[in-house]
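Participant: Pasting a structure here, questions to come.
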Amino acid sequence: IKRASVDDIKSGNIAEHLSLVQHHVRSKLDEAKQREMSRLRDLVGQKFRNMNDKQRQAFARADPNGRRMQEFLPQHLDHKNWETFGQDDLERLIRHASKDLDELDRKREEEFKQYEIRKEYERRAKLAKLNIDERKRLEQLHRATLEKKKKHRPVNHPGSVDQMEEVWEKVDKLEAYQFK
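All letters in the sequence shown, in the order written, are residues 1 to 180 by the UniProt record's numbering.
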């Protein structure tokens with residue numbers, strides 16, 4: 001498990017190693033799944049109660065393959081086996097969480113892009129209102145700020161060896177040769 005690649009984790013292939021987990025951990029996973037299944041049952045019941053009559057009738061006439069029901073149920077757990085937490089559950093949970101995290105990253109990147117566009121638009125609108133001399137001065141200041149950002153020393157990733165060494169020397173004020 002420790003040597004698993006990111007792709008193995010994201011795809012859910014790591015779930016194959018669930019059999020190696022100790023019994024008391026499996027028991028806790030089984031209990032957690034039963035609580036989650038109960039919560040999901042309540043949630044689905046609440047969703048159904050919140051439907052209007054027309055929606056309920058359409059749902060009752062759902063296709064015989066049960067595709068409509070599959071869309072209605074959360075898909076992060078295996079609904080066929082509600083008593084024990086198995087390999088399929090872990091695989092689904094990992095895939096679902098990975099998909100959710102990827103979607104959050106995509107949204108965050110999109111929001112940042114929109115923020116940068118809005119900031120640039122506001123800067124240009126402000127420049128358009130100024131006289132030529134003031135505009136040139138602010139453009140020069142903006143270019144200088146961008147150059148300063150380019151030359152800024154990159155920040156070390158939190159938890160990395162470089163970051164810990166930096167804290168060791170600068171914050172804790174310990175000697176570099178003592179860092180192991």
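Note that CB positions come from ideal geometry on N, CA and C, so glycine has one too.
1) Can you grab the Cα-Cα spacing for the pair K99 / D53, in whole Å?
2) In angstroms with no decimal places, state the Cα-to-Cα distance between A97 and Y115.
3) Give the straight-line distance between the Cα atoms of E31 and L77, rounded to the nearest whole angstrom.
4) Using C-beta distances below 6 Å, list every residue in its chain close to W82, excluding the 5 sequence neighbours before and after it, in chain order.
5) Report the rounded CA-to-CA distance for K136 versus L90, giving the unit in angstroms.
6) From the DSSP output, in three-state form, read off E122 for me.
7) Round the Cβ separation of V44 and L18 to the nearest angstrom and send it over; I've been treating them as touching at under 8 Å.
8) Helix, strand or coil for T84? Go by DSSP, reduced to three states.
9) Alpha carbon to alpha carbon, how far is G12 from Q75? Give it in angstroms, no decimals.
10) Please report the straight-line C-alpha distance between L174 and E165, rounded to a whole angstrom.
11) Measuring only the C-alpha atoms, how far is R106 from W168?
12) Taking the straight line between their C-alpha atoms, what separation do you get for Q22 and E16?
13) Could you tell me the alpha carbon to alpha carbon distance between I14 and R92, rounded to whole angstroms?
14) Let's test the definition: count the other Cβ atoms within 10 Å of the Cβ of F59 and tell me whether it reaches 16, buried, or not, exposed.
15) Return helix, strand or coil for K113, following the three-state DSSP convention.
16) Short check: CB of L138 to CB of L130, under 8 Å?
Facilitator: Based on what the coordinates show:
1) K99 and D53 have their C-alpha atoms some 33 Å from each other.
2) 27 Å
3) 14 Å
4) M37
5) 60 Å
6) Here E122 carries a helix assignment [DSSP, helix/strand/coil].
7) About 26 Å separates the two Cβ atoms, so there is no contact after all.
8) coil
9) 14 Å
10) 10 Å
11) 35 Å
12) When the Cα atoms are used, Q22 and E16 turn out to be separated by approximately 14 Å.
13) 11 Å
14) exposed
15) helix
16) yes
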